[in-house]
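Just so we're aligned: 7 in numbering that gives the first Met the number 0 is position 8 of the sequence shown, and the numbers increase by one with no gaps anywhere.
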Amino acid sequence: MAAEIVNPRSDSTIDSATDRGIERTSVADTGADEPFDPAFALHRGGKMAVQSTVPIRDKDDLSLAYTPGVAKVCSAIADNPELVHDYTWKSQVVAVVTDGTAVLGLGDIGPEASLPVMEGKAILFKQFGGVDAVPIALATTDADEIVDTVVRLAPSFGGVNLEDISAPRCFEIERKLQERLDIPVFHDDQHGTAVVTLAALRNAAKLSGRTLGDLRGVISGAGAAGVAIAKFLLEAGIGDIAVADRKGIVSRDREDLTEVKRELAELTNRAGLSGSLEQALAGADVFIGVSGGTVPEAAVASMAPGAYVFAMANPNPEVHPEVAHKYAAVVATGRSDFPNQINNVLAFPGIFAGALQVRASRITEGMKIAAANALADVVGDELAADYVIPSPFDERVAPAVTAAVAAAARAEGVARGALPRTPLLKRRRG
0 MAAEIVNPRS
10 DSTIDSATDR
20 GIERTSVADT
30 GADEPFDPAF
40 ALHRGGKMAV
50 QSTVPIRDKD
60 DLSLAYTPGV
70 AKVCSAIADN
80 PELVHDYTWK
90 SQVVAVVTDG
100 TAVLGLGDIG
110 PEASLPVMEG
120 KAILFKQFGG
130 VDAVPIALAT
140 TDADEIVDTV
150 VRLAPSFGGV
160 NLEDISAPRC
170 FEIERKLQER
180 LDIPVFHDDQ
190 HGTAVVTLAA
200 LRNAAKLSGR
210 TLGDLRGVIS
220 GAGAAGVAIA
230 KFLLEAGIGD
240 IAVADRKGIV
250 SRDREDLTEV
260 KRELAELTNR
270 AGLSGSLEQA
280 LAGADVFIGV
290 SGGTVPEAAV
300 ASMAPGAYVF
310 AMANPNPEVH
320 PEVAHKYAAV
330 VATGRSDFPN
340 QINNVLAFPG
350 IFAGALQVRA
360 SRITEGMKIA
370 AANALADVVG
380 DELAADYVIP
390 SPFDERVAPA
400 VTAAVAAAAR
410 AEGVARGALP
420 RTPLLKRRRG
């Protein structure tokens, strides 16, 4: 039976706890007289449910949706496994998989505590990309166990979105899953962040009449996001990029690097910089923060004139926008209360919608670059210093990214045909 993820309480947009008539009770049902907290009120009972997309009003409907009618469909799929894409929800649903080891800014909080975030990710897939998603929190942190588990679950899904898995295990898990599965596997903490960053940086450069090749950048943070952003910006043609971790610039002369960072040192830092993040920022055109640290104002002031500061740590940016605006031509953060929010929701729903639409076997670098270009193009003639990236609520975003990713998949030979009904066009029946 086909199904779609919906909010269990209402078919309409939920604006506030008050609108839904939620009582002002204690925060966690502990009996304590705690102040009303709308976050707890909204999460009570979970944020999603499964709902049928076909009616079951009488015995005839039941005989079609279940036995005996379903047996015909099962037999047809057994004879021709490719029909699973036409007669089940497989190619319209994504598994959102985590082990709870790197959840938001909370760190290793475990699979149960990660579920509210995974539910949130699933409803963002639906809200912004029309893609159904199922949260799966695994009670293991062993990389091979995670890979084996996801491989065994894969027949039920058209794609896998890895979420909030700590580095460096996340790199190994993604690579092994990509090798073993013929469906898209995408670690959003890496690639979603990189796609949105590239889109914003392209527009920032365009605003000042420059190209990516003219820029030297510095990234603070050598975890999942930092590594992915560095590699992606190099793929897109940035002039040079250096990455700093807690011990300074990742460079070939360091002897304390992990395997991932040794590879990064070979790819980045063509200028041969060494020393601290602050030293690398002198004369740099771009700062990208994905570390959660704090960058001294003097280091920001030492950047090149007309620099771009993307301080994306949440809730506290590495450089506060008030400070950044003193020296930078374009400022972006990860927060929704400042202009130019670098928000992954701009990327992953459309990327998966496009990949699922053409039954892509994987998500390529070309598909990600196409997504970044489409996202940048949405801004169009409205481009301004405080508008280099569109809002997540801009209704043009998901269709533009979806179409660009689907076209790139076809061009790169990883598309295997269109679905009979695409995620963005699907409508509930009955």
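We treat Cβ as the ideally placed atom computed from N, Cα and C, and that holds for glycine.
### Message
Can you tell me whether K58 is buried or exposed? The criterion is at least 16 other CB atoms within 10 Å of its CB, across all chains shown.
### Response
exposed
### Task
Flag this pair as touching only if the stretch 118-127 and the stretch 140-153 have three or more C-beta atom pairs under 8 Å; answer yes or no.
no
### Length at least 3, wholly inside the stretch 291-372: the beta strand (DSSP E) runs in chain order
306-310 and 327-332
### Message
Can you give me the C-alpha to C-alpha distance between V83 and G68, rounded to a whole angstrom?
### Response
16 Å
### Query
Does the ligand SAH have even one heavy atom less than 6 Å from the beta-carbon of D187?
With respect to the ligand SAH, the structure offers nothing, as it holds no ligand at all.
### Limits of the beta strand (DSSP E) - the one that Q50 falls within
A48 to S51
### Task
Taking 8 Å as the threshold, find out whether the stretch 264-274 comes into contact with the stretch 227-235 through three or more Cβ pairs.
yes
### Message
Alpha carbons only, please: which of G282, A198 and D163 is nearest the one belonging to T210?
### Response
A198
### Which residues DSSP lists as bridging L200, in chain order
L200 pairs with nothing; no bridge assigned.
### Message
In the DSSP output, what is G247 paired with across the bridge?
### Response
D244
### Query
Tell me which same chain residues have a C-beta within less than 6 Å of the C-beta of D143, skipping the five on either side of it?
none
### Task
Using three-state DSSP, classify S275 as helix, strand or coil.
coil
### Query
Going by the beta-carbon positions, is the gap between I240 and G271 smaller than 7 Å?
no
### Message
Considering only their Cβ atoms, is the gap separating T140 from T100 smaller than 7 Å?
### Response
yes
### Task
Can you tell me which of the three DSSP states I228 falls into?
helix
### Message
Quick check: the Cα distance between N339 and G292, rounded to an integer number of angstroms?
### Response
20 Å
### Message
Could you compute how far the alpha carbon of L256 sits from the alpha carbon of V249?
### Response
8 Å
### Query
Taking the C-alpha atoms as reference points, what is the distance between R201 and A375?
7 Å
### Reference S360; option with closest CA among F347, L180 and P37
L180
### Message
DSSP three-state label for L74, please.
### Response
Position check: residue 74 holds Ser in this sequence, whereas Leu was assumed. Three-state DSSP puts S74 in a helix.
### Task
Classify Y307 as buried or exposed, calling it buried when 16 or more other Cβ atoms lie within 10 Å of its own Cβ.
buried
### Task
Output yes or no for whether 7 Å exceeds the beta carbon distance between A407 and A354.
no
### Supposed close pair A136, Q189 - CB separation, criterion 8 Å
Wrong, their Cβ atoms sit about 19 Å apart, outside the cutoff.
### Message
Suppose contacts are defined by Cβ-Cβ distances below 7 Å. Is V49 in contact with A94 by that definition?
### Response
no
#### Entry: Buried versus exposed, by CB contacts within 10 Å (16 or more), V378
buried
### Task
Under 8 Å by Cβ, that's how I've got A352 and G128 pegged, so tell me the actual separation to the nearest angstrom.
4 Å
### Message
In the DSSP output, which residue or residues are listed as bridge partners for R215?
### Response
D239
### Message
Can you tell me whether Y386 is helix, strand or coil according to DSSP?
### Response
strand
#### Entry: Neighbour-count burial assignment, G158, 16 or more Cβ in a 10 Å radius
buried
### Message
For the alpha helix (DSSP H) containing T401, name the first residue and the last one.
### Response
V396 to A410
### Query
Helix, strand or coil: how does DSSP classify I172 here?
helix
### Query
Does DSSP put P67 in a helix, in a strand, or in coil?
coil
### Cβ-Cβ distance between P391 and N342 below 7 Å
yes
### Message
When you compare the CB positions of F156 and V92, do they come within less than 7 Å of one another, or not?
### Response
yes
### Message
On the DSSP letters alone, give me the boundaries of the beta strand (DSSP E) that F39 sits inside.
### Response
F39 -> not in any beta strand (DSSP E); alpha helix (DSSP H) instead, spanning P37 to H42.
### Task
Kindly list the residues whose CB is nearer than 6 Å to the CB of A430, restricted to its own chain and excluding five residues on each side of it in sequence; keep chain order.
Because the chain in this structure spans residues 0 to 429, residue 430 falls outside the shown range and cannot be described.
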